[in-house]
Structures are given as structure tokens and as C-alpha cells.
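So in numbering that gives the first Met the number 0, the last one in the sequence shown is 190, and the numbering has no gaps at all. Below: the structure, in C-alpha cells.
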Amino acid sequence: MAILLLVAQLSFAQYFKLTQKGFVSNDNSDFTVVDVPNVKQMDLYKNVLNAINTLYKNPQKGLSVVEGESISITAYEEEVLPVKLSNGLGKTLRKYDLSYKLTFLFKDGKIRINSPDFEAKRYVEGTYRGASGWSGDEWVTLRMTKVGKSKLYLFEDNGKVRFEDAYTGLNNHFNSLIKQIIDKSGTINNW
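Below you can see the structure in the form of C-alpha cells.
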């Protein structure tokens, strides 16, 4: 029942959808607008800023603001994106770190949210690779599309999703994060 409720909530809060070119809104633009009738620009700005301050451990570290007009938060979350990868014997679950940027802009009665900009990567310790010897420690990035001979990318050239769990995880993560910020900003002064 709880899973059904979560899925229902997330389906109503679909601000963006991941594509080969990144996140796009329902009308395929690089931003979405949330209407908040009868609320002044400065109040929207303050409420979203307060919501971000309550949701993040150390928001000042990645916060960039233009007083009353815009808020950008740059954040890093460790091991939040689980991805099942083939290891030759089956599938192994690997967790990727996410670094991202969210930007909010304000007008009277409206909050504009720009498409999330993100990078998903994980640290891989060196391993023995048989005849080719040892590989060194490195960061590996989950790319949107194929780069070189890499097999670690989300979308085929035809748009087909390669790693459904990563695709779903990214969509859910960013849409629920935005929903949390918007919902919290609407209740921040109701105490």
C-alpha cells in the first residue's frame, strides 16, 4: 500500500522527464513553471530559500542567490542512484553518487524551475584484468549517450533506455526533490 501511495504521489509530481538531451518538462522545454496564485515574488523567494535551508545539511556551501530573484543550489549526494550492471556472471548492484544543480526563479505568483543539471559517477578501485594487468583507481561516469567504446550510458541512439533502474531512479530522485522543496515552501510559514 505504501509503495502504491508513493508511486501515486510521484506520478502527480512529474516536473521533468529524462531524455537523451537531459531533463525536459511536459512541454519539452528546459524549465517548468509552478503557479502559486496571490503570492508575491519576494515571499516565494523567501519560502523556497527557507525550504532549501531545512532540507539540506549545509546548504550555504552550494547556495548562490540573487536576492528576491533566483536561487541555485549545487549539491552532492553519495551512493543515491542504484544501477544493476552486468559483471559477466549476472547483475551486480552498484550505487552512483549524484552531483547536481537546481535553479529556481521567481515572479509574482510563479516559480520557474530550470531543468536539473547532473552527473552520476562512482569510484572504482583498481582491479586485476588478466593479460592487460592491473587497472588503476578511477571515477566512472554514467553518461547520457555512448561516448567512445564505453558501455556505461543511459540511452541508445534510437532513444531506448539501457538501464531502466537508473532512468527511473533519476526521474524519481529529481521530481521528488523538487516536490519536497515546493511543498515545504508552501508550508514554511504555517507554524
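A virtual CB, placed ideally from N, CA and C, is assigned to each residue, including glycine.
Endpoints, the alpha helix (DSSP H) within which residue i is located
i: SER184; result: 163-186
i: ASN52; result: 40-54
When the options are compared against residue i, the one with the closest alpha-carbon
i: LYS83; options: GLY21, TYR166, ILE72 and TYR99; result: TYR166
i: ILE180; options: GLY108, ARG121 and THR102; result: THR102
i: GLU76; options: LEU169, THR186 and LYS183; result: LEU169
i: ALA119; options: MET41, ARG111 and TRP138; result: TRP138
i: LYS100; options: VAL64, THR73, ASN49 and SER24; result: THR73
i: ASP164; options: LYS56, TYR95 and THR186; result: TYR95
Residue burial classification, residue i (beta-carbon count within 10 angstroms, cutoff 16)
i: LEU153; result: buried
i: PHE173; result: buried
i: LYS150; result: exposed
i: TYR122; result: exposed
i: GLY132; result: Per-residue confidence for GLY132 stands at a pLDDT of 49, beneath the threshold of 50, marking its modelled position as unreliable; the derived number appears in the next sentence. Classification for GLY132: exposed.
i: LEU92; result: exposed
i: VAL65; result: exposed
i: ASN113; result: buried
i: LEU17; result: buried
i: LEU141; result: buried
Proximity of residue i and residue j at Cβ, strictly below 8 Å
i: PHE22; j: PRO81; result: no
i: VAL79; j: LEU97; result: yes
i: ASP29; j: GLY108; result: no
i: THR31; j: TYR44; result: no
i: SER184; j: VAL47; result: yes
i: GLY158; j: GLN19; result: yes
i: GLN59; j: LYS106; result: no
CB contact below 8 Å: residue i versus chain C
i: VAL64; result: As a matter of chain content, chain C is missing from the structure shown, which is built from one protein chain.
DSSP bridge partner residues for residue i (one or two, in chain order)
i: SER69; result: VAL65 and LEU104
i: GLY21; result: THR18
i: GLU77; result: Beta-bridge pairing links GLU77 to no other residue.
Residue range of the beta strand (DSSP E) that includes residue i
i: GLU155; result: Careful: GLU155 lies outside any beta strand (DSSP E) and carries neither H nor E.
i: ASP116; result: 116-123
i: LEU17; result: 16-18
i: LEU88; result: First-last for LEU88: undefined, no H or E at that position.
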